[in-house]
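**Student:** The structure is given below, and queries will be raised subsequently.
There are 2 protein chains.
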Amino acid sequence: MNWKRNWEGINLPTNENYKLSSWISEKGPNQEIVLSSRMRLARNLEERSYPNCAGEKELNEIIELVKETASHQDDFNLCFINIQELPEVERQLLVEKNLTSPAHIKKRMANGLLLNNKENISIMINEEDHLRIQILLPGFQLNQCWEKADKIDDIFENKLDYAFSEKYGYLSTCPTNLGTGLRASVMVHLPALNLTNNINKMLEAISQLGLVVRGIYGEGSESAGNIYQISNQITLGNSEGEIIDNLKSVTTQIIEQERNARERLLKEQEIRVRDEIMRAYGILKYAHKISSEETLKLLSHVSLGIDMEIIDNIDSGMLNELMILIRPAHLQKNEGKALEPQKRDLKRSELIKERFN
Amino acid sequence: MNWKRNWEGINLPTNENYKLSSWISEKGPNQEIVLSSRMRLARNLEERSYPNCAGEKELNEIIELVKETASHQDDFNLCFINIQELPEVERQLLVEKNLTSPAHIKKRMANGLLLNNKENISIMINEEDHLRIQILLPGFQLNQCWEKADKIDDIFENKLDYAFSEKYGYLSTCPTNLGTGLRASVMVHLPALNLTNNINKMLEAISQLGLVVRGIYGEGSESAGNIYQISNQITLGNSEGEIIDNLKSVTTQIIEQERNARERLLKEQEIRVRDEIMRAYGILKYAHKISSEETLKLLSHVSLGIDMEIIDNIDSGMLNELMILIRPAHLQKNEGKALEPQKRDLKRSELIKERFN
Chain A
5 MNWKRNWEGI NLPTNENYKL SSWISEKGPN QEIVLSSRMR LARNLEERSY PNCAGEKELN
65 EIIELVKETA SHQDDFNLCF INIQELPEVE RQLLVEKNLT SPAHIKKRMA NGLLLNNKEN
125 ISIMINEEDH LRIQILLPGF QLNQCWEKAD KIDDIFENKL DYAFSEKYGY LSTCPTNLGT
185 GLRASVMVHL PALNLTNNIN KMLEAISQLG LVVRGIYGEG SESAGNIYQI SNQITLGNSE
245 GEIIDNLKSV TTQIIEQERN ARERLLKEQE IRVRDEIMRA YGILKYAHKI SSEETLKLLS
305 HVSLGIDMEI IDNIDSGMLN ELMILIRPAH LQKNEGKALE PQKRDLKRSE LIKERFN
Chain B
5 MNWKRNWEGI NLPTNENYKL SSWISEKGPN QEIVLSSRMR LARNLEERSY PNCAGEKELN
65 EIIELVKETA SHQDDFNLCF INIQELPEVE RQLLVEKNLT SPAHIKKRMA NGLLLNNKEN
125 ISIMINEEDH LRIQILLPGF QLNQCWEKAD KIDDIFENKL DYAFSEKYGY LSTCPTNLGT
185 GLRASVMVHL PALNLTNNIN KMLEAISQLG LVVRGIYGEG SESAGNIYQI SNQITLGNSE
245 GEIIDNLKSV TTQIIEQERN ARERLLKEQE IRVRDEIMRA YGILKYAHKI SSEETLKLLS
305 HVSLGIDMEI IDNIDSGMLN ELMILIRPAH LQKNEGKALE PQKRDLKRSE LIKERFN
């Protein structure tokens, strides 16, 4: 394991060979609707204070224990990133790539991240829990996520004493993470359900099935660009298999409904939908400044246009990358300096034009 | 004079050699702000009932008198168009080219139009008055309009007995046309005064100078695309020279203020204005359907962009033509059949795309 890798070694837009995390840049099954799948396990160490109560010394000991464990396996090529050593913009980059959480990078002592080269395994140390093992894969791949997460979990469980109770399962600071500690989620893109005004009905139905719907940036965030994160609400009382099966089955239904809505749109409202898609394309191609919210909205239309074969000169993979590259920290990293929001709106439209031409 | 020319002979979009009236397709001074200049003389014949009171027989006699007079001069190459013989769409075409008025084409008996080949002289017969002599020139050319109008007026006055009183000047059905019977007007394009929120103050000031501001289609119409028609309110009590001088002086000030506003916009709000212009361009280029109102609004931005040298691959003359070609009758004539409004929105965007590429 290359412990020397630090924040300077993270792939960043300024690197000539910059590539985004593989969950963003690679393709996956059903990706025209399911952008990505994620599995997250919350784990805590026995006889250690939870991160929010522990002092710096104890937190550092936890980091060392975790690093030590990780160093004894080479399968996943994990590297350690010391969050405390990262400049603000680099921390934000990690959040924008969904490799860590806003809460994690806000902490002002003793926390870190284990990350593999493909950036589809990310293990937060001392976030809300001692360990948060996260797997991210492109498209609809919940089983593959789970297999990977389970394998990594075993590596740590073999070496570390996890806090575990027969009654409550894996213990956690937050009761919603008790039991399996598993949060399985999919990021879905539902423009047609939105355009046919069926989205709210659908989201309501989802929340009655023990699932939670969130916006693109996770907890507490608004939906932007018709993208929703759907995850299990309860981690206690169901097995990992049940949790994953439930999410899989609901996601399969969502895919079907979105697909039907797209077909219906093309059949019943082709002119309107073609117009909205082409206008979105025209604005993205020519706007001189643009906010990230508007960009996501318009990219959503263009992405629908590609799926409907209305637009054929744009690659859907490029669009997925653009959804990340237009975020504030990525824009600033790309420029090599801090940018005011207004300046970012200019750079964002430059970047989009560059990619669209 | 070629009396055989009838509505089939009017230049129409379906003709391969179709060209619009010269006041639209040719260039004139200050045309980036003053689209066109117009002079209109209202004249009535002595001892004849006004058109709204006259019977068909008398109206036909008037037409014959006017045609007979026109046939004795060859300078202007005037041709007669019998409005009653025109299909509805051809009547609308004449209105869309500003060669006649909506009231004139609505009449159901004995009216007509004398039109020259360049379509910059149009003489309505039996509109509200027996004769309405109209000259249209591109850009800011009020004196040239007046010279032409005066010359044509002389031709008719030499042969026909005009209704004239020492006290009230040329007599007319409407008191606002008494005196000189002269309505001088300019069509101005004021996007920058609008974008800098100075347009209402300016229009208010204009109306206090004895001038009237109207929308693009004349009396009672709303402004669209930042285009305003400015004309004299009063025809009685001022000489033709005074009326024209007043309008010229006000127009000169409007040109200066719009020019200043454009410079100020570029200096103080370049990003915003560049963004609005380029978005308008992108939408026009890619929309799948578009209303005429939105088209005029967006063309106004693109036209400003050309003047500000933000857009350099579009010809301003083409834009001026497009403002006419996207109107309902032109679209229908171009298709060779009647089109529902929704269908027109599709054809309109096709036409724009064709011209923009």
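As they're listed, the protein sequences go chains A and B. With our numbering applied, the first sequence corresponds to residues 5 to 361, in that order. With our numbering applied, the second sequence corresponds to residues 5 to 361, in that order. Where is the CB? At the ideal position from N, CA and C, for every residue including glycine.
Please report whether the beta-carbon of methionine 282(B) lies at a distance below 8 angstroms from any beta-carbon of chain E.
**Tutor:** The chain labelled as chain E is not found among the protein chains of the depicted structure, namely A and B.
**Student:** In whole angstroms, what separates the C-alpha of proline 179(B) from that of asparagine 242(B)?
**Tutor:** Translated into positions along the second sequence, residue 179(B) becomes position 175. Translated into positions along the second sequence, residue 242(B) becomes position 238. Proline 179(B) and asparagine 242(B): Cα-Cα distance of roughly 14 angstroms.
**Student:** Using alpha carbons as the reference points, say which of Val277(B), Lys101(B), His292(B) and Leu303(B) lies closest to leucine 199(B).
**Tutor:** Here residue 199(B) corresponds to residue number 195 of the second sequence, with the count starting at 1. When each option's Cα is compared against that of leucine 199(B), the closest is Val277(B).
**Student:** State whether the stretch 245 to 252 of chain A contacts the stretch 182 to 194 of chain A, with contact taken as three or more CB pairs (one from each stretch) at a distance under 8 angstroms.
**Tutor:** Taking 8 angstroms as the limit for Cβ pairs, the verdict is that the stretch 182 to 194 of chain A does touch the stretch 245 to 252 of chain A.
**Student:** Looking only at its own chain, which residues have a Cβ that is under 6 angstroms from the Cβ of leucine 300(A), when we skip the five neighbours before and after it?
**Tutor:** Start at 1 with the first residue of the first sequence, and residue 300(A) comes out as number 296. Excluding positions up to five away in sequence, the list reads Ala228 and Gly229.
**Student:** How would you list, in chain order, the residues of chain B whose beta-carbon sits under 7 angstroms from the beta-carbon of histidine 305(A)?
**Tutor:** Within the first sequence, residue 305(A) is the residue found at index 301, counting from 1. Those do not exist, as histidine 305(A) stays about 11 angstroms from chain B at its closest Cβ, beyond 7 angstroms.
**Student:** Using the C-alpha atoms, what's the distance from isoleucine 315(B) back to threonine 256(A)?
**Tutor:** The residue labelled residue 256(A) in the question sits at position 252 within the first sequence. The residue labelled residue 315(B) in the question sits at position 311 within the second sequence. Answer to the nearest angstrom: the Cα atoms are 48 angstroms apart.
**Student:** Going by C-alpha to C-alpha distance, which of Asn162(A), Asp165(A), Leu182(A) and Leu164(A) sits closest to lysine 171(A)?
**Tutor:** The residue you call residue 171(A) lines up with position 167 of the first sequence. Lysine 171(A) has its Cα closest to that of Leu182(A), out of Asn162(A), Asp165(A), Leu182(A) and Leu164(A).
**Student:** Roughly how many angstroms lie between the CA atoms of leucine 323(A) and isoleucine 67(A), to the nearest whole one?
**Tutor:** Sequence index remark: in the first sequence, residue 323(A) carries index 319 (1-based). Sequence index remark: in the first sequence, residue 67(A) carries index 63 (1-based). Leucine 323(A) and isoleucine 67(A): Cα-Cα distance of roughly 37 angstroms.
**Student:** Helix, strand or coil for asparagine 6(B) per DSSP?
**Tutor:** Position 2 of the second sequence, counted from the first residue, corresponds to residue 6(B). A caution first: asparagine 6(B) carries a pLDDT of 34, below 50, which makes its placement in the model too unreliable to give a value.
**Student:** So, isoleucine 156(B) versus phenylalanine 84(B), is the Cβ gap smaller than 8 angstroms?
**Tutor:** What you label residue 156(B) is simply residue 152 of the second sequence in a count that begins at 1. What you label residue 84(B) is simply residue 80 of the second sequence in a count that begins at 1. The answer is no: Cβ separation not under 8 angstroms.
**Student:** Under 7 angstroms, CB to CB, which of the residues in the stretch 255 to 277 of chain B have a partner in chain A?
**Tutor:** Within the stretch 255 to 277 of chain B, the qualifying residues are Ile275.
**Student:** Quick one: does histidine 76(A) have its CB under 8 angstroms from some CB of chain B?
**Tutor:** The residue you call residue 76(A) lines up with position 72 of the first sequence. No, no contact with chain B.
**Student:** State the DSSP-derived secondary structure class of proline 332(B), mapped to helix, strand or coil.
**Tutor:** Taking the second sequence and counting its residues from 1, the one referred to as residue 332(B) is at position 328. Here proline 332(B) sits in helix by DSSP.
**Student:** Give me the chain B residues within the contact set of leucine 350(A), using Cβ-Cβ distance strictly less than 8 angstroms, ordered along the chain.
**Tutor:** Counting from 1 along the first sequence, the entry for residue 350(A) is found at position 346. Going along chain B in sequence order, the residues near leucine 350(A) (Cβ under 8 angstroms) are Ile275.
**Student:** Report yes or no: do the stretch 119 to 133 of chain A and the stretch 31 to 40 of chain A share at least 3 C-beta pairs separated by less than 8 angstroms?
**Tutor:** Touching, no.
**Student:** Using the beta-carbon of each residue, which ones in chain B are nearer than 7 angstroms to lysine 301(A)?
**Tutor:** As a working note, residue 301(A) is residue 297 in the first sequence. Going along chain B, no residue has its Cβ under 7 angstroms from lysine 301(A), so there is no contact; the nearest lies around 14 angstroms.
**Student:** Say whether chain B places a C-beta atom closer than 8 angstroms to the C-beta of glycine 241(A).
**Tutor:** Against the first sequence, residue 241(A) aligns to sequence position 237. Chain B, which has no Cβ nearer than 8 angstroms to the Cβ of glycine 241(A), makes this no.
**Student:** Buried or exposed: which applies to glutamine 4(B), given that a residue is buried once 16 or more other Cβ atoms fall within 10 Å of its Cβ?
**Tutor:** This structure does not reach residue 4(B), given that chain B is present from 5 up to 361, and the question cannot be answered.
**Student:** On a CA-only basis, which of Asp158(B), His193(B), Leu164(B) and Phe360(B) is nearest isoleucine 231(B)? Give me that one, please.
**Tutor:** The residue you call residue 231(B) lines up with position 227 of the second sequence. Ranking Asp158(B), His193(B), Leu164(B) and Phe360(B) by Cα distance to isoleucine 231(B) puts His193(B) first.
**Student:** Do we get a CB-CB distance below 8 angstroms when we pair glycine 286(B) with the residues of chain A?
**Tutor:** By one-based count along the second sequence, residue 286(B) stands at place 282. Yes, glycine 286(B) lies at the interface with chain A (some Cβ there is under 8 angstroms from its Cβ).
**Student:** Determine whether the Cβ of alanine 196(A) lies closer than 8 angstroms to any Cβ atom of chain B.
**Tutor:** For this step, residue 196(A) is matched to residue 192 along the first sequence. By this cut-off, alanine 196(A) is not an interface position.
**Student:** Assuming lysine 289(B) and isoleucine 275(A) form a contact by the criterion Cβ under 8 angstroms, report the distance between their Cβ atoms to the nearest whole angstrom.
**Tutor:** As a working mapping, residue 289(B) is identified with position 285 in the second sequence. As a working mapping, residue 275(A) is identified with position 271 in the first sequence. 18 angstroms between Cβ atoms; not a contact.
**Student:** Alpha carbons only, please: which of Pro91(A), Ser53(A) and Trp27(A) is nearest the one belonging to glutamate 131(A)?
**Tutor:** Locating residue 131(A) in the first sequence gives position 127, counting from the first residue. Looking at the Cα atoms, Ser53(A) is the closest of the given residues.
**Student:** What's the C-alpha gap between lysine 101(B) and arginine 331(A)?
**Tutor:** As a first step, residue 101(B) is located in the second sequence; it is residue number 97 there, counting from the start. As a first step, residue 331(A) is located in the first sequence; it is residue number 327 there, counting from the start. Rounded to whole angstroms, lysine 101(B) to arginine 331(A) spans 49 angstroms at the Cα level.
**Student:** Which runs of the alpha helix (DSSP H) spanning at least 4 residues fall entirely within the stretch 196 to 280 of chain B, listed in chain order?
**Tutor:** Taking only runs of at least 4 residues, the alpha helix (DSSP H) segments lying wholly in the stretch 196 to 280 of chain B are 203 to 211 and 244 to 272.
**Student:** Pull up the DSSP beta-bridge partners for cysteine 83(A), would you.
**Tutor:** Residue 83(A) sits at position 79 when you count from the first residue of the first sequence. DSSP output for cysteine 83(A) lists Leu119(A) as bridge partner(s).
**Student:** Just the Cα atoms here: how many angstroms apart are glutamine 273(B) and serine 295(A)?
**Tutor:** The residue you call residue 273(B) lines up with position 269 of the second sequence. The residue you call residue 295(A) lines up with position 291 of the first sequence. Going from the Cα of glutamine 273(B) to the Cα of serine 295(A) covers about 17 angstroms.
**Student:** State the Cα-Cα distance for the pair asparagine 338(B) and tyrosine 166(B), rounded to the nearest angstrom.
**Tutor:** Position 334 of the second sequence holds residue 338(B). Position 162 of the second sequence holds residue 166(B). So the two alpha carbons sit approximately 41 angstroms from each other.
**Student:** So, helix, strand or coil for tyrosine 285(A), using DSSP?
**Tutor:** In the first sequence, residue 285(A) corresponds to position 281, counting from 1. Tyrosine 285(A) falls in the helix class under three-state DSSP.
**Student:** Mark arginine 112(A) as exposed unless 16 or more other C-beta atoms lie within 10 angstroms of its C-beta, in which case mark it buried.
**Tutor:** Numbered from its first residue, the first sequence carries residue 112(A) at position 108. Counting Cβ neighbours within 10 Å, arginine 112(A) comes out exposed, since fewer than 16 surround it.
**Student:** Return the residue from the list Gly59(B), Gln148(B) and Glu280(B) that minimises the CA-CA distance to glycine 32(B).
**Tutor:** Position 28 of the second sequence, counting from 1, holds the residue named residue 32(B). Nearest option by C-alpha distance: Gln148(B).
**Student:** Which residues does DSSP list as the beta-bridge partners of glutamine 138(A)?
**Tutor:** Taking the first residue of the first sequence as 1, we reach residue 138(A) at position 134. Arg44(A) and Ser126(A).
**Student:** Relative to the alpha-carbon of lysine 347(A), which residue among Ile356(A), Leu335(A), Tyr285(A) and Ile328(A) has its alpha-carbon at the smallest distance?
**Tutor:** The residue labelled residue 347(A) in the question sits at position 343 within the first sequence. With distances taken between Cα atoms, lysine 347(A) lies closest to Leu335(A).
**Student:** Let me see if you follow: with CB-CB separation under 8 angstroms, is aspartate 311(A) close to chain B or not?
**Tutor:** Locating residue 311(A) in the first sequence gives position 307, counting from the first residue. Closer than 8 angstroms: no.
**Student:** Report buried or exposed for aspartate 158(B), applying the criterion of at least 16 other Cβ atoms within 10 angstroms of its Cβ.
**Tutor:** The residue labelled residue 158(B) in the question sits at position 154 within the second sequence. Exposed, because fewer than 16 other Cβ atoms sit within 10 Å of the Cβ of aspartate 158(B).
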